[in-house]
Amino acid sequence: MPRALPIPTEQQREEKVSRTSFLRAEFDQQGGKTVMTGKYQTAPVKIAKTFDYSGELAAIVMDASPGMLEGDIYQFDWRAGPGTSVYVTNQSYTKVHPCKEGAGAVMQQRFKVEEGALMQSMMEPIMLYRGAALMNESEVQLGNGAVWMQAEVLSPGRLLRGESFVYRKLDNRLKVYHGDELIFYQRQLIEPGLQQLKAPGSWEEQTHLGTLYAFSDRINAGWLETVRAALEELPEEAGAHAVLAGASLTSKHGLGVLAAGRTAWQLQRTLQAVWTALRQERLQAPPLRLLS
C-alpha cells in the first residue's frame, strides 16, 4: 500500500484553510514495475485510480468540484523515482470560472524526475470562462537520463455559449532544470482585452493552441526528425479544419512542438501522434492514449 507522505507544516495547513488544495505523489520501482509508494491529497483533488501498463503506471487525477474558482490554489507535487515510468492525466477539462479584477486561480505543479525515469503529463485541455484568470506554473527538475514530456491544449472558452477569448488573463509559465542548471524558461501571457490576437503573426483566425514539450539529456536531432515525420504523416485538412504545426529543438536538452487550430480534438490528435512516435521510436515504449 502507498505510504503517506510527510504531514504538512503549520504554514501549509493555514494555506489549506485559504482554499489551497494539495496533491503529492511518489512513484518507485518495485519488482520491475512502477508503483505509487506515497501520496497526500486534499479535497477537491485526488488520484482517482492508477493502472499498470506492462510495468508503466498511469495515474488519473480527479477534481471533485465544478472547476477552479476565484482564490483557488492547486499545488501538485510529483516525484518519479529512478527508473520509473509514469503517465499522469485527468478526467476532464481544467475549467476556470469568472474571477474578480485583481484576483484569479492558481495552478502550480512541480515534477522531480530522477535518474533514468520517464514522467509524462498529458492533461485534458484548459478552458477559461468569461472573466476568468489563471496563473498556470510548472517547474521540472531532471536527473541524468530522465525524460519529462507534457502536452497542453488551450481552449478560448465555451464556444457554444458564445465565449471566445473573453477571459481576463492566462499567465502560463514553465521552468526546467537539469540538475542545478536552468535549461529552459517560458512565459506565455494572454490578456485578450489588451492584445490584438487576430493581428497578423498572432493567433489570426486560430482559436486553440497546443504544445508538447520534451526535455532530457538524451534528446538529439533524431528526436526532432521523429516529430517532423509524425507531423508530415497526419492527414491534410483545409479551411476551418486546417492545423498549423511546427517543431524545433530548444537551446539545451529540449524539444518543443507548437500547433494551432480551430478545435481542441484536432490538436489533441496532433499531439497524440507526436507523443506516440516519440514513445515508439525514441523510448521503445508502446502507444498510450492522450484523448479521453
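This note's numbering numbers the first residue of the sequence shown as 3 and each following residue consecutively.
C-beta: ideal position from N, C-alpha, C; glycine also.
Computed from a predicted structure; not experimentally measured.
Grab the span of the beta strand (DSSP E) containing Glu-58 for me, first residue to last. Looking up residue 58 in the sequence shown gives position 56. First-last of the beta strand (DSSP E) with Glu-58: 58-65.
Helix, strand or coil, according to DSSP, for Glu-141 in the structure here? Looking up residue 141 in the sequence shown gives position 139. Three-state DSSP puts Glu-141 in a strand.
Any contact of the segment 54-73 with the segment 102-110, i.e. 3+ C-beta pairs under 8 Å? When Cβ pairs closer than 8 Å are counted between the two stretches, the segment 54-73 is seen to touch the segment 102-110, the count reaching three or more.
Looking at the unbroken alpha helix (DSSP H) that takes in Gly-224, where does it start and where does it end? Position 222 of the sequence shown, counting from 1, holds the residue named residue 224. Per DSSP, Gly-224 belongs to the alpha helix (DSSP H) from 223-234.
Chain C beta carbons: is any one of them nearer than 8 Å to that of Met-137? Structure shown: chain C not included; a single protein chain is present.
With C-beta atoms as the reference, is Gly-118 less than 8 Å away from Gly-147? Mapped onto the sequence shown, residue 118 falls at position 116. Mapped onto the sequence shown, residue 147 falls at position 145. Yes, they are a contact pair.
Those residues which DSSP pairs with Met-121 across a bridge: Position 119 of the sequence shown holds residue 121. Secondary-structure assignment with DSSP links Met-121 through a beta bridge to Val-88 and Trp-150.
Any idea if Ser-294 is buried or exposed, counting beta-carbon neighbours within 10 angstroms, 16 or more meaning buried? As a working mapping, residue 294 is identified with position 292 in the sequence shown. For Ser-294, the predicted structure reports a pLDDT of 46, less than 50, and the residue's modelled location is therefore unreliable. A value from the coordinates is still provided. Answer is exposed; the Cβ neighbour count stays below 16.
Looking at the strands, I want to know which residues DSSP matches up with Glu-183. Residue numbering aside, residue 183 sits at position 181 when the sequence shown is read from its first letter. Beta-bridge pairing links Glu-183 to His-180.
Classification of Lys-102 by the beta-carbon crowding that lies within 10 angstroms, buried from 16 upward: On the sequence shown, residue 102 is found 100 positions in, with the first residue counted as 1. With fewer than 16 other Cβ atoms within 10 Å, it is exposed.
Check the DSSP bridge columns for Val-276 and list the partner residues they point to. If you number the sequence shown from 1, residue 276 lands on position 274. Partner(s): none; Val-276 has no beta bridge.
Would you give the residue range spanned by the beta strand (DSSP E) that Glu-28 belongs to? Sequence index remark: in the sequence shown, residue 28 carries index 26 (1-based). Taken as a continuous stretch (DSSP letters only), the beta strand (DSSP E) holding Glu-28 covers 22-32.
Please state whether DSSP places Lys-266 in a helix, a strand or coil. Stepping through the sequence shown from its first residue, residue 266 is reached at position 264. Checking the displayed sequence, the identity of residue 266 turns out to be Ala instead of Lys. Secondary structure of Ala-266 (DSSP, three-state): helix.
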